[in-house]
Amino acid sequence: MRNSFFLIIMAGIICLTACGKQDNYETQSRSLFAMDTYMNITTYGENTESALNKAEEQIKELEKKWSVTNDKSEVYAVNHSGGSSVSVSKETADLLSFSLDISRITDGAFDPTIYPILTAWGFTESEYRIPSETELISLLKNTGYEKVKLSGNYITIPNEMQIDFGAVGKGYTGDLITETLKENGVTSALLDLGGNIQVIGSKPDGAKWRLGIRDPFEEGHFATLEVSDCAVVTSGGYERYFVGDDGETYWHIIDPKTGKPAHSGLITVTIVGEEGKLCDAFSTSIFVMGLDKAKKLWKQRDDFEMILVDENGKVYLTEGIKDSFFLNQMHENMQIEVIRR
Ligand code: AMP
Ligand code: MG
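Basically this note's numbering = 1-based index in the sequence shown + 226.
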């Protein structure tokens, strides 16, 4: 049974460590299942075992705080508070504060209170269904980031409302464990937190990391991105969806204005930037907002770059990333437009 985005395999997080050499450099790789996804961290250099242990411990702790289904979690306590204030840890308060900022910046395209709508569509239990218009209208009354109150480390939400960090938690986790790994001497690492990629430094030989960008139309990658010291986060409808009895495809990214899967014309959104939490939050929001609003947002800020693909297969790249982006051989005929300031 799939309970939530942050479903915990309570019986124990699967964890594997592998050591080896790549191009004569020591590597250590740690795989685990956490936050409802497979994660893999590869560090380069000697003596990284203890840094990896700390990072793994930290992931487990964050998962315990943010799980929607674990009745010991902070998010669970908030969601079952019956309208009273709940004291939470600094990480949870920071993440909520950040999420509410993004909701305001994106005019509500990003909304951490959308969880009851996802449940109605069956995305939280993998028991998919198409809710009626009346059901959605009634559920939408219990959503809305404006109703969430954060005062210091205290969160208050109205009874019936629920919060969830499914669209931003992995990105923030990436930031926190990047910090931990760096503090513990790691200078070169590749973090794959269920498709949220974060890289520390460059490859040990000094070359940039080469990351494949997933093809939204079929298996495999359509392009390669060369990066160092940054996060690369993708949101796409193909990541979690079902086909209804009506033959339509319904995916897991919801437009908070309608309560229905977002159809903005974009089918995949990749955000590149220094901060994982920002990339994660913007990848989800821009998927909802669509091309024109994405361009406007990008022009107002200087902390992210984007790679967008629309439903016709046209690629849009912001100018800061264009020289690091390469279409793969099989996709060389894809049309590219560069977005400039
Ligand atoms: P991501 O893969 O980061 O784009 O996050 C997708 C997940 O975020 C979904 O599975 C939902 O749990 C949640 N979600 C869906 N729509 C929204 C939205 N408009 N705002 C915030 N979270 C959302
Ligand atoms: Mg996201």
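From the three backbone atoms N, C-alpha and C, an ideal C-beta is built for every residue, glycine too.
Remark: the shortest separation between the CB of Ala393 and any heavy atom of the ligand AMP falls under 8 Å. Residues of the same chain with a CB within less than 8 Å of the CB of Lys429, apart from the 5 flanking positions on each side, are Tyr270, Ser414 and Trp435 in chain order. By the C-beta criterion, the stretch 452-461 is judged to be in contact with the stretch 502-520, since at least 3 inter-stretch pairs fall below 8 Å. A distance below 9 Å separates the beta carbons of Met532 and Tyr542. Within the same chain, Ser461, Gly463, Pro487, Ala488, Thr510, Phe513 and Val514 come within 7 Å of Ile479 by CB-CB distance, once the 5 residues on both sides are set aside. Residue environment: Tyr302 is assigned as buried (16 or more neighbouring CB atoms within 10 Å of its CB, all protein chains considered).
Using a Cβ-Cβ distance cut-off of 8 Å, the stretch 308-325 and the stretch 372-388 are in contact, since at least three pairs of beta carbons, one from each stretch, lie closer than that value.
Between Leu451 and Ser550 a beta carbon distance of about 6 Å is seen, short of the 8 Å cut, so the two are scored as contacting. Only buried fits Ser293, as 16 or more other CB atoms lie within 10 angstroms of its CB. Beyond the five residues adjoining it in sequence on each side, Gly309 comes within less than 6 Å, by CB distance, of Pro384 and Asn385 in the same chain, given in chain order. Residue ranges of uninterrupted beta strand (DSSP E) with 3 or more members, entirely inside the stretch 359-391 and ordered along the chain, are 375-377 and 380-382. Among the bridge pairs identified by DSSP, Ile562 is matched with Val541. Our two residues, Leu365 and Val394, have alpha carbons roughly 22 Å apart in a direct line. Here Trp477 carries a strand assignment [DSSP, helix/strand/coil]. Residue side-chain check: Ala507 places its Cβ nearer than 8 Å to a non-hydrogen atom of the ligand MG. Less than 9 Å separates the beta-carbon of Pro338 from that of Asp390.
Shown here, Tyr251 sits in a strand according to DSSP, grouped into three states. Straight-line spacing of the CA atoms in Gly427 and Ala244 works out to 21 Å. When secondary structure is reduced to three states using DSSP, Asp320 falls in the helix class. Here Val301 carries a helix assignment [DSSP, helix/strand/coil]. Residue pairing by DSSP places Phe259 opposite Tyr264 in a beta bridge.
Look at Trp435 here: in three-state DSSP terms it is strand. In this chain, Glu405 is not harboured by any beta strand (DSSP E); it is covered by the alpha helix (DSSP H) spanning Gly395 to Glu409.
C-alpha of Lys503 to C-alpha of Asn250: approximately 33 Å in a straight line. Taking the C-beta atoms as reference points, Ala277 is found nearer than 9 Å to Val412. The residue among Gly499, Gly485 and Arg466 with its C-alpha nearest the C-alpha of Ile493 is Arg466.
Excluding its 5 nearest sequence neighbours in each direction, Gly421 has C-beta neighbours in its own chain below 7 Å: Thr460, listed in chain order. Judged by beta-carbon spacing, Leu407 lies beyond the 9 Å limit of Thr263, meaning their Cβ atoms are not closer than that value.
Thr475 sits exposed, since fewer than 16 C-beta atoms from the chains shown fall within 10 Å of its C-beta. For Val459, the shortest C-beta to heavy atom distance toward the ligand MG is below 8 Å.
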